[in-house]
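Heads up: the sequence shown begins at 1 in the UniProt record's numbering, then just goes up one per residue.
Don't be surprised by glycine CBs; every beta carbon is placed ideally from N, CA and C.
Every value quoted in this text rests on a predicted model; they were computed, and no experiment measured them.
Below you'll find the structure, written out as structure tokens, and then a few comments.
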Amino acid sequence: MSGDDDIKPVSTTTPVEKEYHDLQSRPLGTPTGKDEKNNHLAKVVPVSVVPGDEIDDAEDLVAAEHEFTPEEYKRLMRKVDWIIMPMLMCIYGIQYSDKTSLSAGAIFGLPEDTGLKDGQFGNLAAFFLAQYPMQWALQRVPLGRGLAACCIIWGAMVMLQGACHSYAGLAVVRVVLGWFESVVTPGFAIYTSSWYLRSEQTQRQTMYYSMNTFFAMVFGVSIYYIALDAQTRGGLAAWRVICLFLGAITVGLGIIFAIFGGTPDEVWWLSAREKRMAKARIVSNATGGGEKHPWKWKQVRECLKDPQYWLAVAINFFGDIPNGSATTFNNIIWVDMGFNNLDSILFSLPCYAITFVCVIVSGLLIYKWPKTRFPLAILFNILTTISLLYVGIASDADRWSRWGVYNMNLLFSVSAFILYWPMMSYNVAGRTKKSFFGASNLISYCAGNIVGTQIIRPSQAPKYVVGLSIAAACMFLCVFLTIAWWWYYAWENKKREAEFAASGLSVEEREHLNRVAGETDMTDMENRHFRYLI
Numbered sequence: 001m002s003g004d005d006d007i008k009p010v011s012t013t014t015p016v017e018k019e020y021h022d023l024q025s026r027p028l029g030t031p032t033g034k035d036e037k038n039n040h041l042a043k044v045v046p047v048s049v050v051p052g053d054e055i056d057d058a059e060d061l062v063a064a065e066h067e068f069t070p071e072e073y074k075r076l077m078r079k080v081d082w083i084i085m086p087m088l089m090c091i092y093g094i095q096y097s098d099k100t101s102l103s104a105g106a107i108f109g110l111p112e113d114t115g116l117k118d119g120q121f122g123n124l125a126a127f128f129l130a131q132y133p134m135q136w137a138l139q140r141v142p143l144g145r146g147l148a149a150c151c152i153i154w155g156a157m158v159m160l161q162g163a164c165h166s167y168a169g170l171a172v173v174r175v176v177l178g179w180f181e182s183v184v185t186p187g188f189a190i191y192t193s194s195w196y197l198r199s200e201q202t203q204r205q206t207m208y209y210s211m212n213t214f215f216a217m218v219f220g221v222s223i224y225y226i227a228l229d230a231q232t233r234g235g236l237a238a239w240r241v242i243c244l245f246l247g248a249i250t251v252g253l254g255i256i257f258a259i260f261g262g263t264p265d266e267v268w269w270l271s272a273r274e275k276r277m278a279k280a281r282i283v284s285n286a287t288g289g290g291e292k293h294p295w296k297w298k299q300v301r302e303c304l305k306d307p308q309y310w311l312a313v314a315i316n317f318f319g320d321i322p323n324g325s326a327t328t329f330n331n332i333i334w335v336d337m338g339f340n341n342l343d344s345i346l347f348s349l350p351c352y353a354i355t356f357v358c359v360i361v362s363g364l365l366i367y368k369w370p371k372t373r374f375p376l377a378i379l380f381n382i383l384t385t386i387s388l389l390y391v392g393i394a395s396d397a398d399r400w401s402r403w404g405v406y407n408m409n410l411l412f413s414v415s416a417f418i419l420y421w422p423m424m425s426y427n428v429a430g431r432t433k434k435s436f437f438g439a440s441n442l443i444s445y446c447a448g449n450i451v452g453t454q455i456i457r458p459s460q461a462p463k464y465v466v467g468l469s470i471a472a473a474c475m476f477l478c479v480f481l482t483i484a485w486w487w488y489y490a491w492e493n494k495k496r497e498a499e500f501a502a503s504g505l506s507v508e509e510r511e512h513l514n515r516v517a518g519e520t521d522m523t524d525m526e527n528r529h530f531r532y533l534i
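If you want it as structure tokens, here you go:
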């Protein structure tokens with residue numbers, strides 16, 4: 001199948017395809033003999049561009065949803081959870097630890113050993129780009145193999161970072177590292193949607209998002225003793241040992257994922273029946289999975305017209321400005337509060353532990369009460385704003401109160417963003433659109449982090465009032481952006497429900513067409529049967 005936007009209709013029509021097209025082309029209002037005043041509305045889903053063989057395959061998979069018993073599905077998911085989730089959790093956790101290796105290096109001799117000048121350290125944290133080409137490439141190869149290869153290469157780059165002796169060398173390594181590490185968050189979101197129902201995705205994604213703080217805690221202790229040993233015994237600089245240590249673990253995890261990771265069609269540890277079961281189980285998502293698809297530019301154009309795209313991009317940019325300053329300068333800020341470089345690692349551990357618990361609890365709350373997602377995100381953004389303002393404005397307070405409140409900022413900001421990211425997998429349909437959507441938001445995330453590395457400057461020490469106040473303003477803006485995102489989903493769902501009421505379709509027909517549309521790579525805007533989860 002080519003990647004062209006316009007695909008010629010097939011010349012033959014199977015009975016199943018004819019029934020499908022009849023349902024799709026039925027003018028709104030006609031089926032029940034009602035007044036035809038609604039006939040001017042658009043067709044429910046435009047499928048004239050979908051080849052017949054794709055529809056047949058989709059129909060077959062939709063029918064397979066009822067071939068298996070609930071007990072069989074439960075057994076399958078227990079098996080999937082025990083194999084897939086530990087890998088995703090470990091890789092996502094080590095990804096964050098790799099990023100913070102730069103922050104740890106800042107207080108263990110990296111600037112001095114590599115001759116960094118003023119401002120160059122902040123620039124190193126900015127070398128995280130290349131989302132679009134990497135997502136384009138990832139869509140054209142088996143998803144599991146692509147993610148594994150990227151993990152191995154970025155781990156090698158973390159190790160190589162420990163061998164650098166100049167700013168130029170660090171810059172080159174950080175660029176390559178950023179290219180391959182950039183696939184993790186959007187790639188994992190698509191990967192999760194290949195295995196789990198929409199109602200399950202937030203819970204699973206928060207499980208591996210929580211590993212950021214869990215691994216930061218575990219490796220924080222490891223890094224502490226590595227640094228202590230290096231300072232006591234001498235030899236290889238502590239920051240170089242940290243890079244070698246983290247990079248080697250990353251490479252090992254990438255190899256494990258290459259063996260066990262993949263979409264249902266890729267993995268070797270499922271039987272043919274189990275593979276069919278795994279794919280049939282998620283047809284109700286209507287978002288497709290992580291299979292290879294040609295790149296469709298019409299889905300990119302649609303994405304650029306989609307309000308949820310721009311709201312997500314804006315939230316990721318403004319909300320990650322504080323994250324960029326925190327990730328890169330946390331240890332430096334704590335040192336300026338009066339802690340020494342080793343203490344700054346130890347005293348970050350309580351915050352990581354509390355954040356880990358909070359992220360897991362947030363995921364469980366959303367699983368049990370899905371409609372709490374947006375209210376919780378708004379609350380967390382408000383609390384983050386307050387904590388940043390306190391640390392900046394109340395800069396004359398004793399160090400322990402500033403330390404405690406600054407840690408709360410990290411807790412609330414992380415908790416807010418783990419509520420946003422799952423929506424990019426379960427509320428966006430179309431393989432190219434999901435890839436472009438995720439890549440754009442990672443670029444926005446990186447851009448926000450880049451700005452964040454620049455708003456806190458050494459000249460602001462030890463209070464950092466200006467930088468922290470800018471960060472607080474960004475988080476407060478996210479409150480209004482979150483409200484707008486919430487309102488858009490509610491408004492769009494209401495409009496689609498009105499279209500459905502006028503169409504005369506039955507609920508069964510709607511659900512059937514919704515599933516087939518998802519399996520034929522239609523987007524959430526093309527498929528008017530699709531409903532956004534809020």
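- Nearest Cα to E59 within the set E519, Y352, I534: E519.
- Sequence-distant partners of A278 (beyond 5 residues in either direction) whose C-beta falls short of 8 Å from its own C-beta, in its chain, are L76, V80, W195, P264, L270.
- Following the DSSP letters along the chain, one finds G452 inside the alpha helix (DSSP H) bounded by residues 431-455.
- Contact between A280 and F68 holds, since their C-beta atoms are separated by about 7 Å, short of 8 Å.
- Look at the stretch 247-309 and you find no whole run of beta strand (DSSP E) that is 3 residues long or longer.
- If you ignore the 5 residues before and after K433, its C-beta comes within less than 6 Å of the C-beta of Q299, C303, T523, all in its own chain and listed in chain order.
- At a Cβ-Cβ threshold of 8 Å, V391 and L513 do not count as neighbours.
- Sequence-distant Cβ neighbours of L244 in its own chain, meaning closer than 7 Å and more than five residues away, are M159, G162.
- At the C-beta level, L110 and F188 stay beyond 8 Å of one another.
- Of the residues assessed, I259 falls on the exposed side of the cut-off, its CB having fewer than 16 other CB atoms within 10 angstroms.
- Around the beta-carbon of F480, fewer than 16 other beta-carbon atoms lie within 10 Å, marking it exposed.
- Nearest to R431 by C-alpha distance, out of G247, S362, W136, is W136.
- Around the CB of V357, fewer than 16 other CB atoms lie within 10 Å, so the residue is classed as exposed.
- The alpha helix (DSSP H) runs of length 4 or more contained entirely in the stretch 359-428 are, from start to end of the chain, 373-393, 399-420, 423-426.
- An exposed status is given to T232, since fewer than 16 other beta-carbon atoms sit within 10 Å of its beta-carbon.
- Per DSSP, S182 lies in no alpha helix (DSSP H) segment and is marked neither H nor E.
- Taking F437 as reference, the option from G448, I450, N449, P422 with the minimal CA-CA separation is P422.
- In the assembly as shown, A490 is an exposed residue. Its beta-carbon has fewer than 16 other beta-carbons within 10 Å.
- When DSSP states are grouped into helix, strand and coil, W195 belongs to the coil group.
- Taking a contact to require three or more Cβ pairs closer than 8 Å, the stretch 439-447 and the stretch 303-320 qualify as touching.
- Per DSSP, G144 is one residue of the alpha helix (DSSP H) stretching across 143-161.
- Put simply, of W310, I94, G289 the residue whose alpha carbon is nearest the alpha carbon of N441 is W310.
- G252 and S506 have their C-alpha atoms some 52 Å from each other.
- Rounded to the nearest angstrom, the gap between the Cα atoms of A471 and C478 is 11 Å.
- In the structure shown, the three-state DSSP call for R528 is coil.
- Excluding five sequence positions before and after L236, none of the CB atoms of its chain fall closer than 6 Å to its own CB.
- Excluding five sequence positions before and after W486, the CB atoms of its chain that fall closer than 7 Å to its own CB belong to F374, I534, given in chain order.
- If you check the CB distance, Y420 and N285 do not come in under 8 Å.
- One alpha carbon belongs to I94, the other to F257, and they sit about 13 Å apart.
- Taking N407 as the centre and dropping the five residues before and after it, the same chain places the C-beta of S348, P350, C351, I354 closer than 8 Å to its C-beta, in chain order.
- Residue burial is scored here from C-beta neighbours: W400 has fewer than 16 other C-beta atoms within 10 angstroms and is therefore classed as exposed.
- Residue nearest to T192 within the set L411, T384, I282 is I282 (criterion: CA-CA distance).
- Looking from the CA of A439, the closest CA among V176, V172, F180 belongs to F180.
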